Each structure stands twice: as C-alpha cells, then as structure tokens.
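These notes concern the structure reproduced below.
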Amino acid sequence: MKMQAEVIREGELEKRSDSLFQLWKKKLVVLTKDSLSLFPDGHKRAKGKELGFGSILKVDCVERTGKYIYFTIVTKDRKEIDFRCPDQSCWNASITMALIDFQNKRAIQDFKSRQEMEQAAGTQ
1 MKMQAEVIRE
11 GELEKRSDSL
21 FQLWKKKLVV
31 LTKDSLSLFP
41 DGHKRAKGKE
51 LGFGSILKVD
61 CVERTGKYIY
71 FTIVTKDRKE
81 IDFRCPDQSC
91 WNASITMALI
101 DFQNKRAIQD
111 FKSRQEMEQA
121 AGTQ
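Sequential numbering of the sequence shown, starting at 1, is according to full-length UniProt numbering.
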C-alpha cells in the first residue's frame with residue numbers, strides 16, 4: 001500500500017502532446033515533495049502519469065509571453081516534456097523549487113551515507 005504524499009500544490013497545466021499536431025492538452029497536476037503527477041481530463045479518477053523527481057534532471061523556462069509561461073521538464077534520459085501555464089500562476093517556479101528541495105535532500109542523504117561508510121571502513 002502506497003502512502004499518500006503531502007500535496008504541495010494542485011491545479012491545471014497544459015502539456016504539449018507528442019502527436020503530429022502537437023496540441024496543448026489540459027492536465028490536472030498534483031505536485032508533492034517527491035513527484036509531479038499528471039491526470040488526463042482534469043480527473044484524479046483516471047490513472048495518472050507520475051514523474052518522480054529522481055528521474056527529472058531540470059526544469060527549463062523556455063519563453064514568457066504576455067499570456068503564458070512555456071517551460072520544459074528534462075528527464076535524466078534526456079526526454080523533454082513541454083508545458084505551459086498562465087503567466088501569473090508560477091507553476092514553473094513551484095515545480096523548480098520542489099525539485100531543488102528534493103535534490104538537496106538527496107545530496108545530503110548521499111553525503112551522510114558516504115561518511116558513515118568511510119567511518120565504518122576506518123574502524124575495521
């Protein structure tokens with residue numbers, strides 16, 4: 001049984017489709033401290049796609065128009081996923097801050113693990 005993560009933010013984003021016409025499709029988005037989940041047609045009843053922060057390399061802000069902010073999530077396997085949000089919604093900033101927090105916590109855990117292994121190796 002998977003525990004529900006604390007929701008940082010929930011709302012609507014538009015994702016560019018991978019189809020030939022690259023249409024913008026509205027998605028219900030749920031941001032937690034560990035992931036970004038996308039649900040089709042604005043309903044959490046449907047199975048969503050989860051982008052775990054462990055698989056995300058960065059968030060690039062591509063362009064600001066008067067109406068939208070366009071940004072790209074780049075995964076560790078170099079896949080690019082394009083999004084847009086209304087200019088004042090600041091979704092790109094919310095996702096970026098949650099990703100940075102996740103990466104910082106992971107770096108601290110890795111550092112502590114290395115220290116513990118070095119200390120254990122030194123006492124033997």
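Every residue, glycine too, gets a C-beta built ideally from N, C-alpha and C.
Bear in mind that the values here come from a model prediction, so they are computed numbers and not experimental data.
Can you check which of these residues, the options, is closest to residue i by C-alpha distance?
i       : options                           : result
Leu-13  : Thr-32, Asp-41, Lys-33 and Leu-20 : Asp-41
Ile-100 : Ile-56, Phe-71 and Met-117        : Ile-56
Leu-51  : Ile-108, Phe-102 and Met-117      : Phe-102
Ile-81  : Arg-9, Gln-22 and Cys-90          : Gln-22
Leu-31  : Ser-94, Leu-20 and Lys-112        : Ser-94
Phe-53  : Glu-63, Thr-75 and Thr-65         : Thr-75
Cys-85  : Ala-5, Glu-6 and Arg-16           : Arg-16
Here's the rule: buried if 16 or more other CB atoms are within 10 angstroms of the residue's CB, otherwise exposed. What is residue i?
i       : result
Val-59  : buried
Ala-121 : exposed
Phe-111 : exposed
Ala-107 : exposed
Ala-5   : exposed
Ser-19  : exposed
When every heavy atom of the ligand SAH is checked, does at least one fall within less than 7 Å of the C-beta of residue i?
i      : result
Lys-49 : Only the bare structure without any ligand can be found here, which leaves the ligand SAH out of the picture.
Within this structure, are the beta carbons of residue i and residue j separated by less than 8 Å?
i      : j      : result
Cys-61 : Ile-73 : no
Leu-28 : Lys-47 : no
Ile-8  : Lys-33 : yes
Asp-87 : Arg-64 : yes
Please give me, in chain order, every unbroken run of the beta strand (DSSP E) with length at least 3 that falls completely inside the UniProt domain "PH" (6-124). 7-16, 24-32, 35-40, 49-52, 56-64, 68-75 and 80-86
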